[in-house]
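The sequence shown begins at 1 in my numbering and counts up by one. Just so it is clear, CB atoms sit at the ideal spot from N, CA and C, and this is done for glycine as well. Please read all numbers here as calculations on a predicted model, not as lab measurements.
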Amino acid sequence: MRKKTLVNALFFQGGILLLLFLLQFILPTYHHSSVSKIMVLASYAIGYNFLLGYTGLMSLGHAMFFSSGMYAAGLGIYYLELSAFGGLLFGAAFTLLISLLFGLFALRTSGVAFLIVTLMFGQTFYLAILYFNEFTFGQDGFSLAKYLGKLVIFDREYLFSNPDIRYNFALILLTIYLLITSLIMLSPVGRILIAIRENESRTQLLGYNVFYYKLFALVLSGTLSGIAGAMHALLFTYVGTTFAEIHHSIAPLLWTLLGGAGTVIGPFLGTGIMFYLIDFVSGITSNYQLVVGVMLILMIIWFPLGIMGTIRQKWLKWLP
1 MRKKTLVNAL
11 FFQGGILLLL
21 FLLQFILPTY
31 HHSSVSKIMV
41 LASYAIGYNF
51 LLGYTGLMSL
61 GHAMFFSSGM
71 YAAGLGIYYL
81 ELSAFGGLLF
91 GAAFTLLISL
101 LFGLFALRTS
111 GVAFLIVTLM
121 FGQTFYLAIL
131 YFNEFTFGQD
141 GFSLAKYLGK
151 LVIFDREYLF
161 SNPDIRYNFA
171 LILLTIYLLI
181 TSLIMLSPVG
191 RILIAIRENE
201 SRTQLLGYNV
211 FYYKLFALVL
221 SGTLSGIAGA
231 MHALLFTYVG
241 TTFAEIHHSI
251 APLLWTLLGG
261 AGTVIGPFLG
271 TGIMFYLIDF
281 VSGITSNYQL
291 VVGVMLILMI
301 IWFPLGIMGT
311 IRQKWLKWLP
């Protein structure tokens, strides 16, 4: 990436983050909370994008990583009386381990077989949560509201459920994820991941150990997704099985494809559009899934590479 292109990309991302920071002062209560949720879910999608967008591996089991981080953090706080920060670290460490073990097994397959394996593991994790319901609270889930301590900032105490705390922590999470994405994609490792996506056989012929780079991408993707899940548990004070269901594995796939796989901002844009599209249409008709589905098909026709991907290809080559 040339220097001018890099500067343009950094200004673009910085401008979006600055806009998100300023929006919190003017948004009404409902949209304030909605944007907070979008930023956390977009972080999940950014984690997924490392696997699909940059490495070319499609997963239908990513809810396993998101919910493993969520449950590890939540149960750690509930049973082990960990602090919020301790719960976050516990969730990250647990998901890293799950991602590593899963990757060592799943990456022995490829193509459709890999897709099926991710689906099987994701559903197995979901069923395990239900089976051990006495420990995990099953389908009912549980609230963390009364188990989370208070944050002390400038001698003032805040609850994690405080809208301003929630919004700014979500923004910090999104900022870190965008920074990680940019740094890795500008590094030699990022270029090798893209090479694997474009032509795995040729990359291997050049002497690169494709398995280990794919394992790195999967572990990074899974861990980032798990941290997003842990942050969701902390900021919205609820842990439940709905986040481990199959639809929560399909969601980041749709968000990423809609916004633009292999772009930095695409997953965030796709998450925001999908969130408000479902929110708007569901308020008009009970058949919102059909309407949203048709609208998504039209968007994919108009933007075959996703919104950001198509814009980058046709007009703004410098977009990250």
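- Check each candidate in TYR177, ILE250, ASN8, TYR131 and name the one with the smallest Cα separation from ILE227. TYR177
- Residues of its chain near PHE303, where Cβ-Cβ distance is below 6 Å and the 5 sequence neighbours each way are ignored: THR310
- Query: Buried or exposed: LEU101, going by 16 or more other Cβ atoms within 10 Å of its Cβ?
  - Reply: LEU101 should be labelled exposed.
- Message: Less than 7 Å between C-beta atoms, sequence neighbours within five positions excluded: which residues of the same chain meet that for THR55?
- Response: LEU193, ILE196, ARG197, LYS214, ALA217
- Message: In this structure, how does DSSP classify GLU157 when only helix, strand and coil are distinguished?
- Response: strand
- What's the gap between the Cα of GLY53 and the Cα of GLY270? 13 Å
- Can you round the beta-carbon distance between ALA128 and MET39 to whole angstroms, since I take them to be within the 8 Å contact cut? Contact flag wrong, Cβ pair sits at about 29 Å.
- Task: Label LEU60 either buried or exposed according to how many other C-beta atoms from any shown protein chain fall within 10 Å of its C-beta, with 16 as the threshold for buried.
- Result: With 16 or more Cβ atoms within 10 Å of its Cβ, LEU60 is classed as buried.
- Message: Quick check on DSSP: helix, strand or coil for PHE132?
- Response: coil
- Message: According to DSSP, is PHE142 part of a helix, a strand, or is it coil?
- Response: strand
- Task: For TYR30, name the three-state secondary structure that DSSP assigns.
- Result: helix
- Item | Length-filtered (4 minimum) alpha helix (DSSP H) runs lying within the region 244 to 283 | 247 to 259, 266 to 282
- Query: Which word fits VAL35, buried or exposed, when buried means at least 16 other C-beta atoms lie within 10 angstroms of its C-beta?
  - Reply: It is buried - the Cβ of VAL35 has at least 16 other Cβ atoms within 10 Å.
- Item | Distance CB(GLY15)-CB(ALA230) smaller than 8 Å | no
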